[in-house]
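Under this note's numbering, the first residue of the sequence shown is numbered 122, with each subsequent residue one higher.
Each remark here refers to the structure printed beneath this line.
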Amino acid sequence: GKKLKGRAQRADAILRQMQLFQKIYHRNMSVRLPYELPLPNRDTYFAVLRLYANTSGGAEIPHRCQEIVRQMQQASEDLADLDLRPDVIMWNQVLSAWAKSNHPEK
């Protein structure tokens with residue numbers, strides 16, 4: 122319900138911030154910060170996808186899941202990090218989100 126959707130949106134907001142940190146970190150790798158930035162990893166992406174996959178709602182939820190998986194793919198390519206490359210487990214979360222959606226074209 123709404124409570125799960127709220128959790129998914131909060132987790133997504135954290136993911137977006139981590140993605141910003143990742144861009145800053147990789148642009149300025151030579152700069153040493155006094156603290157370590159939290160960077161997204163496979164578990165981060167999966168957690169957000171899983172929350173969305175278990176949330177009922179309109180087409181915006183599965184569309185956001187697809188966008189997250191695409192961002193994951195892009196990060197994998199940009200950073201040469203094979204661990205970020207989406208696999209069947211990630212795409213299954215997208216399919217689950219579509220299955221839970223109330224979108225008429227699902």
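Virtual Cβ for every residue (Gly too), placed ideally from N, Cα, C.
With 16 other Cβ atoms within 10 Å as the buried cut-off, status of residue i
i	result
residue 143	buried
residue 178	buried
Rounded distance between the beta-carbons of residue j and residue i, thought under 8 Å
i	j	result
residue 193	residue 156	The Cβ separation is near 25 Å, so there is no contact.
residue 209	residue 183	That belief does not hold up - the Cβ atoms of residue 209 and residue 183 are roughly 17 Å apart, past 8 Å.
residue 170	residue 189	6 Å
Delimiting residues of the alpha helix (DSSP H) encompassing residue i
i	result
residue 174	163–174
residue 197	181–200
residue 177	Residue 177 -> no alpha helix (DSSP H), and no H or E assigned at all.
Distance between residue j and residue i (C-alpha atoms, nearest Å)
i	j	result
residue 141	residue 220	30 Å
residue 218	residue 173	6 Å
residue 204	residue 224	32 Å
residue 160	residue 176	25 Å
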